[in-house]
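Since the structure comes first, as structure tokens, the remarks are kept for the end.
2 protein chains.
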Amino acid sequence: MRISTLSIGSELICGEVIDTNAGHIAELLLGGGLHVQRHLTVGDHEPDIEEALGELAPKSDAVIVTGGLGPTVDDVTALAAARATGRRLVVNEALKEHIRSFSAKLGGGHATDRQAMIPTKSTVIPNPTGTACGFHFIHRGCFFFFLPGVPSEMDRMLRETVLPFLYERVPHRGFVLTSFLNVFGLSEPEVDGLLKGAFSGNSAVRMSICVTFPRIRITLRASGDAEPLARTRLQEAADLVRGRLGAAIFSEGSETMEQAVAGLFGRRLLTLAVAESCTGGLIAKRLTDVPGSSAFFLEGAVTYSNAAKERLLGVPRAILETRGAVSSECAAAMAAGVRAAAGSHLGLSVTGIAGPDGGTDDKPVGTVFISLAAPDGSWTKGFRFGGNREDVRTLTAWTALDWLRRYLAGC
Amino acid sequence: MRISTLSIGSELICGEVIDTNAGHIAELLLGGGLHVQRHLTVGDHEPDIEEALGELAPKSDAVIVTGGLGPTVDDVTALAAARATGRRLVVNEALKEHIRSFSAKLGGGHATDRQAMIPTKSTVIPNPTGTACGFHFIHRGCFFFFLPGVPSEMDRMLRETVLPFLYERVPHRGFVLTSFLNVFGLSEPEVDGLLKGAFSGNSAVRMSICVTFPRIRITLRASGDAEPLARTRLQEAADLVRGRLGAAIFSEGSETMEQAVAGLFGRRLLTLAVAESCTGGLIAKRLTDVPGSSAFFLEGAVTYSNAAKERLLGVPRAILETRGAVSSECAAAMAAGVRAAAGSHLGLSVTGIAGPDGGTDDKPVGTVFISLAAPDGSWTKGFRFGGNREDVRTLTAWTALDWLRRYLAGC
Numbered sequence: 002m003r004i005s006t007l008s009i010g011s012e013l014i015c016g017e018v019i020d021t022n023a024g025h026i027a028e029l030l031l032g033g034g035l036h037v038q039r040h041l042t043v044g045d046h047e048p049d050i051e052e053a054l055g056e057l058a059p060k061s062d063a064v065i066v067t068g069g070l071g072p073t074v075d076d077v078t079a080l081a082a083a084r085a086t087g088r089r090l091v092v093n094e095a096l097k098e099h100i101r102s103f104s105a106k107l108g109g110g111h112a113t114d115r116q117a118m119i120p121t122k123s124t125v126i127p128n129p130t131g132t133a134c135g136f137h138f139i140h141r142g143c144f145f146f147f148l149p150g151v152p153s154e155m156d157r158m159l160r161e162t163v164l165p166f167l168y169e170r171v172p173h174r175g176f177v178l179t180s181f182l183n184v185f186g187l188s189e190p191e192v193d194g195l196l197k198g199a200f201s202g203n204s205a206v207r208m209s210i211c212v213t214f215p216r217i218r219i220t221l222r223a224s225g226d227a228e229p230l231a232r233t234r235l236q237e238a239a240d241l242v243r244g245r246l247g248a249a250i251f252s253e254g255s256e257t258m259e260q261a262v263a264g265l266f267g268r269r270l271l272t273l274a275v276a277e278s279c280t281g282g283l284i285a286k287r288l289t290d291v292p293g294s295s296a297f298f299l300e301g302a303v304t305y306s307n308a309a310k311e312r313l314l315g316v317p318r319a320i321l322e323t324r325g326a327v328s329s330e331c332a333a334a335m336a337a338g339v340r341a342a343a344g345s346h347l348g349l350s351v352t353g354i355a356g357p358d359g360g361t362d363d364k365p366v367g368t369v370f371i372s373l374a375a376p377d378g379s380w381t382k383g384f385r386f387g388g389n390r391e392d393v394r395t396l397t398a399w400t401a402l403d404w405l406r407r408y409l410a411g412c
Numbered sequence: 002m003r004i005s006t007l008s009i010g011s012e013l014i015c016g017e018v019i020d021t022n023a024g025h026i027a028e029l030l031l032g033g034g035l036h037v038q039r040h041l042t043v044g045d046h047e048p049d050i051e052e053a054l055g056e057l058a059p060k061s062d063a064v065i066v067t068g069g070l071g072p073t074v075d076d077v078t079a080l081a082a083a084r085a086t087g088r089r090l091v092v093n094e095a096l097k098e099h100i101r102s103f104s105a106k107l108g109g110g111h112a113t114d115r116q117a118m119i120p121t122k123s124t125v126i127p128n129p130t131g132t133a134c135g136f137h138f139i140h141r142g143c144f145f146f147f148l149p150g151v152p153s154e155m156d157r158m159l160r161e162t163v164l165p166f167l168y169e170r171v172p173h174r175g176f177v178l179t180s181f182l183n184v185f186g187l188s189e190p191e192v193d194g195l196l197k198g199a200f201s202g203n204s205a206v207r208m209s210i211c212v213t214f215p216r217i218r219i220t221l222r223a224s225g226d227a228e229p230l231a232r233t234r235l236q237e238a239a240d241l242v243r244g245r246l247g248a249a250i251f252s253e254g255s256e257t258m259e260q261a262v263a264g265l266f267g268r269r270l271l272t273l274a275v276a277e278s279c280t281g282g283l284i285a286k287r288l289t290d291v292p293g294s295s296a297f298f299l300e301g302a303v304t305y306s307n308a309a310k311e312r313l314l315g316v317p318r319a320i321l322e323t324r325g326a327v328s329s330e331c332a333a334a335m336a337a338g339v340r341a342a343a344g345s346h347l348g349l350s351v352t353g354i355a356g357p358d359g360g361t362d363d364k365p366v367g368t369v370f371i372s373l374a375a376p377d378g379s380w381t382k383g384f385r386f387g388g389n390r391e392d393v394r395t396l397t398a399w400t401a402l403d404w405l406r407r408y409l410a411g412c
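Protein chains in written order, with this note's numbering: chain U, 2 to 412; chain F, 2 to 412.
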């Protein structure tokens, strides 16, 4: 089945808003074995939309259109759809009722009948969470689906109406299942090298490696005529990648590094205190992004000044004066200090020079020390991270969280 | 001039990567008075690219293509460009030399001549920062530009070669200048209401209001035949908006809230300490994102536990026991406590229930108290923010930073 998508919106075509709908639709369809072949974007300009629809029809078996179904005069998708396919716009009474009751529920008196006008010979696609319903019809053998541009509304209507409709009509479409494995601590060439030839000759599995700084995401897609077959192939593929990359895989699916760390804390019943200098609260912020983190995260200290390092963490003045605040000795004292002060099982610290200023010949921008103090020992290591201030802070936080993960997982 | 863009990449068409190039190109062109009319995306599939190029040519005076110029066998844009326009692929010697010397500089021995193959009768678009050079040619009256998909390389090549080329050929294109005004603390309907009719009857100014939670961005575009005219119109338009929205505008252009706050700290020569409960370091993180923040940011305390609030901030146990950790009394004690401990001019605190658990009938999820302690007084206020955990944390941090901004700016 040849599928095209069309995004409509002047805010998209002039770059004010980045279109995420097209990619989302493609990803959802792929899960059901359907492939999007082309994606087109035009502004809220009736002739452009009409032309785009006329152009996509002969090249596609299905066209999924998003945007331009709102209540304002800018929204002309329904009109363009009618004109492009020789239909008229008529008021749909059920739709009118839906819009009125939905507007009343929101307490708004601005319900207009404009959104109740859809092309003749089309079927309404219900929108449970908004006034902008969609519609679909068939024209010259091509299925046309029109959905609003609001991502959450579009997503639900796609899953509840469009996908079941398409799946029913393409019964032998095959199955494509997807897994994501998330890697930290290896470079792209290293990952490439380790996975080289892993799936050569296996046409049922497709692997792609995508760098999303500072992590690498490995996408595995396995296809099969039946779902169990695709699932088995996916599991085997994932096992192969796990075997080659080992502990560098910090999570799977959409799990973040901080969620992986929080999950391990939950299983180990340990507590943590964090002392941050150059990351300025980023590590604490990321850990407390996770719901329930108060069970293990006792406290954090953002100690930018030397005075704060002395007073809050008990870093000896001698270390600050002789070795400096950015030193392995200071990092170790910070980790031990925050652990003792908070009475936590683990103490984690980072200190470094994020830049752009503050670097020296001896300790250039990007010099960072990370330390972990635990009941069974303590570890401190120096790093020299590249990039700008944000990169250095990001890499420092990721590396420190990865230390926690590896300590807790024993790997 | 009718302009189209074409993004090429299987990772784009299957939704693995969101295409930001198309929007970026449109925005840059708009600054020079050029409008993109349609944007198409296809995968790295030679016949699809060829078809797309053939289709866009008669509808466009210029087509800007990105992606598919890399060194791997997946990259087939040059081949498709040649086939679509009846050209042959030939090795460009200058390009070959560029690729070899660039690869050598990077220490990589994997230079291939593949990227040196471009269609006959085309001109190289230099890439100062990568191996993938672009090329351009004219075919049936349409200018075709081919650029790599890496955003930073594409951006530079667009600015240095493509834009000057187009500007030279469209001398009477007019000028469109853009301003962004960033608003916090007003809802979209409030902003709509305050700006209603501001530019009715003024066809030279276009205003759009875009919600990027939790802030609102107002885009003003003023056009004129000459640049000074467009500039004057833009300044008048911005003044009008500033007059109506007043202190709700926290910054202009790409300046963030934390940059605005840091700028004000710099002018006032004051210092700050922050005590965070529910935001878990997010406020400290955002302030220290700004280079040079160590000049005013002395320290931060992430006090999740009651013990930490007592020990680090000196919150009286009686308050924690009778009023609770989420109370205006506790917030005030935290702000005063962190200010006294750090010896800073200002002390800022937040305490609240970010959820998803921890809410009660009396203090539901979203209940937050913010307090600011300053030499000339102290202020504490309760809020009830909506949304999920992330929304509550985001709104709390934004509101607290906005308090700092308004205090420092005296507005």
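Glycine residues also receive a C-beta, built at the ideal position from the N, C-alpha and C atoms.
CA-CA distance, ARG407(U) to ILE139(F), rounds to 56 angstroms. The criterion of a C-beta distance shorter than 7 angstroms is not satisfied by ALA355(F) and LEU314(F).
Cβ atoms of LEU29(U) and LEU41(U) stay farther apart than 8 angstroms, at about 18 angstroms.
The beta carbon of PHE297(F) is closer than 6 angstroms to those of PHE266, THR272 and LEU273 in its chain, skipping five residues each way along the sequence. Distance between VAL206(U) and ARG234(U), taken at the CA atoms: about 7 angstroms.
According to the DSSP assignment, THR323(F) belongs to the alpha helix (DSSP H) that extends over 318-323. Counting C-beta pairs closer than 8 angstroms gives fewer than three between the stretch 149-160 of chain F and the stretch 117-125 of chain F, which falls short of the contact rule. In this structure, MET158(F) sits near ASN128(F), with a CB-CB distance shorter than 7 angstroms.
In the DSSP secondary-structure assignment, THR124(U) is bridged to HIS137(U). Within the DSSP secondary-structure output, ILE217(U) pairs in a beta bridge with VAL184(U) and VAL212(U). Residues of chain U whose Cβ lies closer than 8 angstroms to the Cβ of GLY360(F) do not exist, since the nearest Cβ in that chain is about 12 angstroms away. Between VAL369(F) and ALA105(U), the alpha-carbon positions lie close to 31 angstroms from each other. In the displayed model, GLY264(U) falls within a helix according to three-state DSSP. What GLU17(F) touches in chain U, judged by beta-carbon distance under 8 angstroms, is GLY24, GLU28, SER209, CYS211 and THR220, going in chain order. With respect to chain U, the C-beta atom of VAL393(F) has no partner C-beta closer than 7 angstroms. THR42(F) has a beta carbon lying within less than 7 angstroms of a beta carbon in chain U. The C-beta of PHE214(F) has fewer than 16 other C-beta atoms within 10 Å across all chains shown, which makes the residue exposed.
Between PRO365(U) and chain F, the shortest Cβ-Cβ separation is not below 7 angstroms.
The C-beta of LEU396(F) comes no closer than 7 angstroms to any C-beta of chain U. Close to chain U, meaning a Cβ-Cβ distance shorter than 7 angstroms, are the following residues of the stretch 269-281 of chain F: GLY281. For GLU12(F), the chain U residues whose Cβ falls inside 8 angstroms of its Cβ are SER209 and CYS211, in order along the chain. Within 10 angstroms of the beta-carbon of GLU189(F) lie fewer than 16 other beta-carbons, which makes it exposed. Under the DSSP assignment, PHE384(U) falls in the beta strand (DSSP E) whose first and last residues are 378-385. Under the Cβ criterion of 7 angstroms, PHE298(F) is counted among the residues facing chain U. Interface criterion not met: the Cβ of SER350(F) is under 7 angstroms from no Cβ in chain U.
Relative to GLY353(F), the option among THR397(F), PRO292(F), GLY244(F) and ILE19(F) whose CA is nearest is THR397(F). THR86(U) sits away from SER8(U), with the two beta carbons spaced by 7 angstroms or more. Boundaries of the beta strand (DSSP E) around SER372(F): 368-375.
Contact check for ALA261(U) and SER252(U): beta-carbon distance about 4 angstroms, within the 8 angstroms limit, so the pair qualifies. Neighbours of LYS286(F) in chain U, taken as residues at a C-beta separation under 7 angstroms, are given in chain order as GLY281, GLY282, LEU283 and LYS286. Fewer than three Cβ pairs drawn from the stretch 319-336 of chain F and the stretch 389-396 of chain U lie within less than 8 angstroms of each other, which leaves the two stretches out of contact.
According to the DSSP assignment, CYS331(F) belongs to no beta strand (DSSP E) but to the alpha helix (DSSP H) extending over 329-343.
GLY33(U) and ARG174(U) do touch by the CB rule: their CB atoms are close to 7 angstroms apart, below 8 angstroms. Around the CB of LEU405(F), 16 or more other CB atoms lie within 10 Å, so the residue is classed as buried.
Inclusion of GLY338(F) and VAL316(F) in the CB contact set at 7 angstroms is warranted, their separation being smaller than that value. When Cβ-Cβ separations below 7 angstroms define contact, VAL171(F) makes no contact with chain U.
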